[in-house]
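Single-structure report; data block below.
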Amino acid sequence: MTCEGFLPPFDKPLTLKKKENRAIPVKMVLRDLLGNDITDADLSAPPVVQVSVGGDSGSAIDGYNGDLLPAGLSDDGNEFRYDWATEQWIINLATKQYTSALLYNVTVFVDGNVIKGGCSQTFTRLP
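With numbering that gives the first Met the number 0 applied, the sequence shown closes on residue 126, and no number is skipped along the way.
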């Protein structure tokens with residue numbers, strides 16, 4: 000299984016202001032080894048997102064925070080859902096709980112295994 004990478008706006012690192020409480024729309028396309036799309040019908044459980052601390056945000060990262068969503072549109076939990084209309088896996092990742100001024104790594108897992116390819120990205124919470 001491979002991932003083509005996260006789609007905009009999370010295709011590059013993001014920067015969040017100290018008190019900014021937004022949801023990051025995390026979208027991706029998963030493919031099997033033959034290049035076919037993997038949908039919710041192909042998996043026993045949906046992909047999950049894991050957020051881990053990646054270090055100090057002392058040096059600002061050139062980020063982008065344009066197309067983030069209001070916090071009220073964030074999803075509960077950490078499971079992606081498959082959108083048949085766009086043929087993408089989507090989760091609106093809440094950022095409220097990530098309040099420390101740090102670099103956060105976002106990674107995708109399916110059945111406990113990390114997805115190979117570009118399905119990882121970072122966001123930084125500014126001090």
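Glycine included, every Cβ here is placed at the ideal spot set by N, Cα and C.
Alpha carbon to alpha carbon, how far is residue i from residue j?
i, j, result
"Lys-115", "Thr-98", "28 Å"
"Leu-13", "Phe-122", "5 Å"
"Ser-58", "Phe-108", "At Ser-58, the pLDDT of 39 sits below 50, so the modelled position is not reliable and the matter cannot be decided from this model."
"Pro-8", "Asn-91", "11 Å"
"Leu-15", "Glu-3", "25 Å"
"Thr-106", "Lys-17", "22 Å"
"Tyr-63", "Ala-100", "Because the pLDDT at Tyr-63 is just 40, under 50, the model does not fix this residue reliably, and the value given afterwards should be weighed accordingly. Spanning the two alpha carbons is a distance of roughly 16 Å."
Kindly list the residues whose CB is nearer than 8 Å to the CB of residue i, restricted to its own chain and excluding five residues on each side of it in sequence; keep chain order.
i, result
"Gln-87", "Leu-6, Lys-26, Met-27, Val-28, Tyr-81"
Smallest Cα separation from residue i: which of the options?
i, options, result
"Gln-96", "Arg-124, Thr-106, Asp-110", "Arg-124"
"Ala-84", "Leu-33, Ile-23, Lys-11, Asp-39", "Asp-39"
"Asp-36", "Thr-1, Gln-49, Asn-112, Arg-21", "Thr-1"
"Ala-44", "Pro-126, Cys-118, Ser-119, Asn-112", "Asn-112"
Residue i by DSSP, collapsed to three states: which one?
i, result
"Ala-44", "coil"
"Asp-36", "strand"
"Ala-22", "strand"
"Ser-99", "coil"
"Ala-84", "coil"
"Phe-79", "coil"
Give me, in chain order, the residues of the same chain whose beta-carbon lies closer than 6 Å to that of residue i; leave out the 5 immediate sequence neighbours on both sides.
i, result
"Asn-104", "Ser-51, Gly-53, Thr-121"
Who are the near neighbours of residue i in its chain, counting only those whose CB is closer than 7 Å to its CB and skipping five residues on each side?
i, result
"Asp-61", "Low local confidence applies: a pLDDT of 41 at Asp-61 is under 50, so the model's placement there is unreliable, with the coordinate-based value given in what follows. Hits under 7 Å: none found."
"Leu-42", "Val-109"
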